[in-house]
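Encoded as structure tokens, the structure appears first; notes follow it.
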Amino acid sequence: MKGKNLSHLQSNKGKLTKKFRVQGIPKLVLIDGENGKTITVDGYTCLTDNPNGEGFPWRRKKVTEVIKGPIITSNKTEVEALEALKGKYVGLYFSAHWCPPCKAFTPELIRIYELLKSNGKNMEFVFVSSDRSQDSFDLFFDSMPWMAIPFGDPRTEALKGLFGIDGIPSLVMIDDKGEIINLNGRAAVVEDIDAKEFPWYPKPLNELTGSASVMLNESACLVLFTEGEDSDIDMAIDVLSELAKEESEKGEDQELFFFFGADDDICYSVRDFASLDDQCPLLVIFDFPEQKIYVCKETDITKDIARAFVKSYFNETLESRPLKPTV
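The opening residue of the sequence shown carries number 129 in our numbering; numbering runs sequentially from there.
The following block contains the structure:
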């Protein structure tokens, strides 16, 4: 094998897996050696499509470059994508008829779409299908009120590669200038049943609910568990807001995501899974990709304590234990 590998840096494997949200292999990520910025997380597809290296290093294209071409409207006519979507907030809906979670989520997304339209929002959704046949595509698309990339169109794989889509359903939100707003629009929709926070810019700090399960599984997440009373939640927001904002400003380099726990069922589930007692407040960092947990020993959680806890985590001086203790 030509080229270097990181086999001698095994301790970094988990960090790299989290950073690039690797859910399957093979996965080829290309990095700019001058500034350390990610060029593409879909180098494998780029290499497969260009075995002689044409277009290397395959820098990320703009959404408008990839999506241009004909798309289908809900009444089955074709329009030019750039013309139809110009100046609009766009949700790219990666989904398929064969996928049970997709079939469960689609009716809710339709409700949200119709609510946004009735409120006069300048927006559109586009179905990007992973269906395996034209008939399945047609059957699923017939239930949708929005537009679609035609079945079998090469732009489907190009868009999946552009956003690193490894699982469905996924909803990617794009602003009216073609820039990414949110790669996890699905979770935002689930949390915002009245669509009051459209177009769903990511929040630095969120409540720990069921929709956070994807983030918990893929990334290191800090959670401040509380009793769930209004005063407790206010405390958690006050303690974590500044830290969460600082970390979110790292953009694609963000390594730690921030949550406060109130009384959602997932709070009890993850505490039970990790064999945590009922102490509140309780400050914890869950690292599911590396199967580790870091528990703050302090019982009075202040801004200074939270900041010191996070600093120790990044300095790798924080004591951890296995996420699921052995019996």
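C-beta: ideal position from N, C-alpha, C; glycine also.
Per DSSP, what kind of secondary structure is residue i in: helix, strand or coil?
{"i": "N345", "result": "helix"}
{"i": "K249", "result": "coil"}
{"i": "L299", "result": "strand"}
{"i": "F442", "result": "helix"}
{"i": "S264", "result": "helix"}
{"i": "F184", "result": "coil"}
{"i": "I159", "result": "strand"}
{"i": "L404", "result": "coil"}
{"i": "L352", "result": "strand"}
{"i": "Y329", "result": "coil"}
{"i": "S271", "result": "coil"}
{"i": "L384", "result": "strand"}
{"i": "E236", "result": "helix"}
{"i": "E206", "result": "strand"}
{"i": "E335", "result": "strand"}
{"i": "I433", "result": "helix"}
{"i": "G379", "result": "helix"}
{"i": "K324", "result": "coil"}
{"i": "E456", "result": "Here the chain has residues from 129 to 455 only, and residue 456 is not among them."}
{"i": "E426", "result": "coil"}
{"i": "A224", "result": "coil"}
{"i": "P409", "result": "coil"}
{"i": "P154", "result": "coil"}
Is the distance from the Cβ of residue i to the Cβ of residue j below 9 Å?
{"i": "R399", "j": "D391", "result": "no"}
{"i": "V207", "j": "P198", "result": "yes"}
{"i": "V318", "j": "E236", "result": "yes"}
{"i": "I238", "j": "A323", "result": "no"}
{"i": "G252", "j": "L213", "result": "Note that residue 252 is Glu in the sequence shown, not Gly. Closer than 9 Å, so yes."}
{"i": "A276", "j": "I361", "result": "no"}
{"i": "A224", "j": "R260", "result": "yes"}
{"i": "V412", "j": "V351", "result": "yes"}
{"i": "T166", "j": "L175", "result": "no"}
{"i": "L336", "j": "K431", "result": "no"}
{"i": "Y441", "j": "Y422", "result": "yes"}
{"i": "M313", "j": "M301", "result": "One detail in the question is off: residue 313 reads as Gly in this sequence, not Met. Taking 9 Å as the Cβ cut-off, G313 and M301 qualify as a contacting pair."}
{"i": "T168", "j": "P185", "result": "yes"}
{"i": "K216", "j": "N250", "result": "yes"}
{"i": "F222", "j": "S264", "result": "no"}
{"i": "F353", "j": "L410", "result": "yes"}
{"i": "P327", "j": "I309", "result": "yes"}
{"i": "I394", "j": "G356", "result": "no"}
{"i": "D170", "j": "L243", "result": "no"}
{"i": "P330", "j": "A316", "result": "yes"}
{"i": "T234", "j": "S202", "result": "no"}
Would you please state the rounded distance, in angstroms, between the beta carbons of residue i and residue j? I believe it to be under 8 Å.
{"i": "F388", "j": "E375", "result": "So it is not a contact: roughly 15 Å between Cβ atoms."}
{"i": "W274", "j": "V256", "result": "That pair is no contact at about 11 Å."}
{"i": "L299", "j": "G219", "result": "5 Å"}
{"i": "Y172", "j": "K155", "result": "6 Å"}
{"i": "P297", "j": "C227", "result": "7 Å"}
{"i": "D415", "j": "A348", "result": "5 Å"}
{"i": "L333", "j": "L384", "result": "Rounded, the Cβ-Cβ distance is 12 Å, inconsistent with contact."}
{"i": "L267", "j": "V194", "result": "L267 to V194, Cβ: 26 Å. No contact."}
{"i": "A402", "j": "L451", "result": "6 Å"}
{"i": "K425", "j": "S448", "result": "Between S448 and K425 the Cβ distance is about 13 Å, and since that is not below 8 Å, they are no contact."}
{"i": "P229", "j": "E346", "result": "Their Cβ separation, rounded to whole angstroms, is 16 Å, which puts P229 and E346 out of contact at 8 Å."}
Where does the unbroken alpha helix (DSSP H) through residue i begin, and where does it stop?
{"i": "V194", "result": "191-195"}
{"i": "L290", "result": "283-291"}
{"i": "F401", "result": "393-401"}
{"i": "T173", "result": "171-177"}
{"i": "L210", "result": "209-213"}
Terminal residues of the continuous beta strand (DSSP E) containing residue i?
{"i": "L311", "result": "Careful: L311 lies outside any beta strand (DSSP E) and carries neither H nor E."}
{"i": "I361", "result": "Premise fails: I361 lies in the alpha helix (DSSP H), 358-376, not in any beta strand (DSSP E)."}
{"i": "T166", "result": "166-168"}
Any idea which residues DSSP pairs residue i with across the strands?
{"i": "I421", "result": "F414, R449"}
{"i": "A276", "result": "I200, F255"}
{"i": "G219", "result": "F253, M301"}
{"i": "G389", "result": "F353"}
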